[in-house]
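Chains as they are written, first to last, in the working numbering: chain R, 1 to 555; chain G, 1001 to 1222. Note that CB positions come from ideal geometry on N, CA and C, so glycine has one too. Source: prediction; values computed, not measured. Each remark here refers to the structure printed beneath this line.
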Amino acid sequence: MATVTVNGKEVEIGSNERLNCIEAAARVGEEIPAYCWHPELSVVASCRMCLVEVGEKKEDGEVQMVPKLVPGCQTPVKDGTVIVSDSEKVKAARKATLEYLLLNHPLDCPTCDQAGECYLQDYSFDHGRGYSRLNEPKNIKPDKDNIGDQITLFTDRCIMCTRCVRFTREISGSSELQVVSRGSHEEIDIFPGHPVNNPLAGNVVDICPVGALCSKDFLYEQRVWWLKSTNSVCPGCSTGCSITVDQNEERVYRVKPRENELAQGHFMCDEGRFGWKYTHSDQRLTSPQQRENGQLQETDWEKLLVSVRSAITQQQANASGRVAAVLSPWMTTEEAWMLGSWLKAIASDAILVPGPIRNSGADQQFPQDRNGNPLEPIRFTIRAEKAPNRAGVQAVIDHLMDGSSTSFDELTQLAAEGSVGMLYAVGGDPEGWITESQAEAFSNAGTLIVQDILPSSLLQHATFVLPGGTFVEREGVVINHSGLAQLIRRSVRCPDGSRPDSRILWDLTERTGLVQYEAIRQEIAAAIPALASLTDEALRKNGVVTGDAAETVAN
Amino acid sequence: MSETTKKKSIRWVEEPELGFWETTFVPAVLKGLKTTLRHVTARKTVTQQYPEVKPELPLHYRGVHRLNRDEEDRVKCVACMMCATACPANCISIQGQAAPPEWTDRDKFPKTFELDELRCIYCGMCEEACPVDAIELTHIYDLTGESREDLLYTKDKLLNVYDQTREDHRDPLRTGRGVLGPASEFVDLPALGPATSVPENDRSAKSETAGVIRTTGREGQQ
């Protein structure tokens, strides 16, 4: 154990931990301001914002300080290190550094998208001088709108921390960005004709501590102080990146990665970052429908749920063909459990199959060289399996089916043969999940209940249509590729007419009152040993490990 | 209770006892009649002949809003949405858009600007929040409309108000600051103290205009 003293407060640091002064100070709640340092990137110590006084406590208790200020990001701590970050000397250095950083900054905070979450604003307020002594005209450089398809560069706001440059070199590996020219002519730029269009490009906007790199998608849409953030999980692939969903007045404006070492680290891919647009699509299913005289007719939820329930129970009583359900990998674990266990209770021979999963071929690993080959060590992976909760749904099905598994293709076969009397198909994949021929096969099922968010070819055969919600409209647990269970949370309401899937299933399965996720999770945890950790309080923070992975951790 | 009664700053007063004349109420009635008589005999007119005669309002009267134009007749607003943020009635909604490339002095302008004159409480916070003095309240108070939509003022209507009132002596352009607003124009800062305290030996504290160090004409002292 090593003991480090930060501003007179002592902090114990593990013997295997390699921390710098900023991280050590954060342990005792002392913030050392920094622009260029980022925990995932290499250290350049170029912004000089984290200058602190550092010394060493000798064995006899004497403290010997280094005569000059040293950058906290570049200085590792060891046993006996003394850090002083609140002395007059340090404060004066911060003031001077900020004054230099702001010399050519345009101070266009009112029209800057970063205003409100800008480190220049925050640190100027906390540590800065509050006014400028520059008497000369500012050096204003032209904006670069062409720097990427999704990002734009306001060159004059840049403070040359080079986080974006290091990101493209170290994380994405594509190295599009670099610093050109020198001194006060320094600028971030691209090689002509090679814009920043790598699959992780959006991250440079997040890591930019000022408003220099902005997302074209979010540009001028909202002021950030209007946005309300909700912690959630990206459903784009089975990596299950932790995210925050930012919304205002029932409209999602952006999705940002949330730091979670258990899931993905600090970043997320552009596919997930911009992949939520279908939530506000005009195509969304927004009315519960029932087929009458060969035509789908709009109805209301109360009538529809009664009809669906009686259709299923009658089907079981008549015993003409089996009851089957397609549980989509886009469902939450709670939803899969509610539907699956209810159907099993009505019809013990009900077939539950996992829905089809889109697969993009191979995992994309980063950093990549220019030929697309991954370079060790791997820092980020976009997985080929494009569904958020295959593992969770599979665990529920495995438990309820007692190990006798039926695949989606086998169910299609059974349906085509006409031996499925009632089919409850849950969709949810925004890019479509069923082909024409599969839909044709399902049309042979006597009663076809479709719960989906967007129209598909299955609708023309559907007896009942239950419009559901997208991932920003519902709550529940999704389990990623490594068995990490995380909570997605509701941030906006469903469009009028549709309902979050959990509420549909809660009402359908005749549970009373509002949806109680905690109660369902307790049911699941009691029934399925692999998912027993779902009741842990840690689920609300960074998630809990489930299944085989949990046993490995426990051992 | 015991805590508060002990405090010496609180003095408890009793209702005074009524005397003989007070109980008859005669002095109070006479006092009231005196006021009535004074008003009956006074010759001063207080009735305003509105609408034939319009009142002369003070210059700081806060009426219908206008969106100012700049020298090139473009809307002065830069869609920073500070007014919408400051508005306590939540009556302003703005959609920003990137400015055309030929507008070199700004990044952003309002695609739509809607102000609900019915919801507005005419507090003038928008005017105060605006960093470029684009929104101002005029003297117009007789605002009528036949529907709610009539009084939902769009960008065009607000610019129209400016065109109507720009020559009016009651609605002078209140400031003539530049395109980026007062925040950026540090050269001519008023002689106020800097926003943060500075030590006395700081150069800026000694300058005649705080926040600005004039290097010209001081070569000998450097």
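From the listed residues 28(R), 247(R), 231(R), the smallest Cα separation to residue 224(R) is found for 247(R). For residue 156(R) against residue 106(R), the beta-carbon gap comes to about 5 Å, under 8 Å, which counts as contact. Residues of the region 1066-1090 of chain G whose Cβ lies closer than 9 Å to any Cβ of chain R, in chain order: 1078, 1079, 1080, 1081, 1082, 1084, 1085.
Contacts between residue 1133(G) and chain R, judged by CB atoms closer than 9 Å, are missing: the closest CB pair is about 12 Å apart.
Remark: C-beta atoms of residue 169(R) and residue 123(R) do not approach each other more closely than 9 Å. In the structure shown, the three-state DSSP call for residue 268(R) is coil.
Pairing residue 487(R) with residue 543(R) gives a Cβ-Cβ distance under 9 Å. In terms of Cβ geometry, residue 242(R) and residue 229(R) do not form a close pair [threshold 9 Å]. A Cβ of chain R is located within less than 9 Å of the beta carbon of residue 1108(G).
Contact of residue 220(R) with chain G is assigned, a C-beta pair being separated by under 9 Å. The beta carbon of residue 1063(G) sits no closer than 9 Å to any beta carbon of chain R. The DSSP assignment places complete alpha helix (DSSP H) segments of no fewer than 4 residues inside the region 161-209 of chain R at 163-170, 203-207, in order along the chain. Taking a Cβ-Cβ threshold of 9 Å, none of the residues of chain R is close to residue 1164(G); the smallest such distance is about 27 Å.
Annotation: the continuous alpha helix (DSSP H) that includes residue 1125(G) extends over 1125-1129. By the neighbour-count criterion, in which 16 or more other beta carbons inside 10 Å mark a residue as buried, residue 456(R) falls on the buried side. When only Cα atoms are considered, residue 217(R) and residue 251(R) end up about 14 Å apart. Contacts with chain G (Cβ-Cβ distance below 7 Å) from the region 90-122 of chain R involve 107, 108, 110, 111, listed in chain order. With fewer than three CB-CB distances shorter than 8 Å, the region 281-300 of chain R does not count as touching the region 310-319 of chain R. A direct Cα-to-Cα measurement between residue 448(R) and residue 417(R) gives close to 15 Å.
Taking a contact to require three or more Cβ pairs closer than 8 Å, the region 1089-1104 of chain G and the region 1030-1048 of chain G do not qualify as touching. Counting only residues of its own chain and dropping the five nearest sequence neighbours on each side, residue 116(R) has a CB closer than 7 Å to the CB of 223, 224, 225. Residue state for residue 422(R) is assigned as strand, using DSSP reduced to three classes.
CA-CA distance, residue 171(R) to residue 1171(G), rounds to 58 Å. One finds 1081, 1085 in chain G with Cβ atoms closer than 7 Å to the Cβ of residue 223(R), taken in chain order. With contacts defined by Cβ atoms closer than 9 Å, residue 500(R) and residue 489(R) do not form a contacting pair. Per DSSP, reduced to three states, the secondary structure at residue 512(R) is coil, with no helix or strand assignment. By the criterion of a C-beta distance shorter than 8 Å, residue 143(R) is surrounded in its chain by 152, 153, 154, 155, 156, once the five residues flanking it on both sides are discounted. Annotated three-state conformation of residue 122(R) is helix, per DSSP. Residue burial annotation: residue 547(R) is buried, with at least 16 other C-beta atoms found within 10 angstroms of its C-beta. Of all residues in the region 1039-1050 of chain G, none comes within less than 8 Å of chain R when Cβ atoms are compared. Here the alpha carbon of residue 414(R) sits roughly 15 Å from the alpha carbon of residue 354(R). Residue 506(R) is a Cβ neighbour of residue 515(R), given a cutoff of 9 Å. By the CB criterion at 9 Å, residue 441(R) and residue 321(R) fall outside the cutoff.
Taking C-beta separations shorter than 8 Å and ignoring five residues to either side along the sequence, the partners of residue 42(R) in its chain run 166, 170, following chain order. Residue 143(R) belongs to the set of residues whose beta carbon lies under 9 Å from a beta carbon in chain G. Within the region 260-331 of chain R, the beta strand (DSSP E) runs of at least 3 residues that lie entirely inside it are, in chain order, 289-292, 295-298, 322-327.
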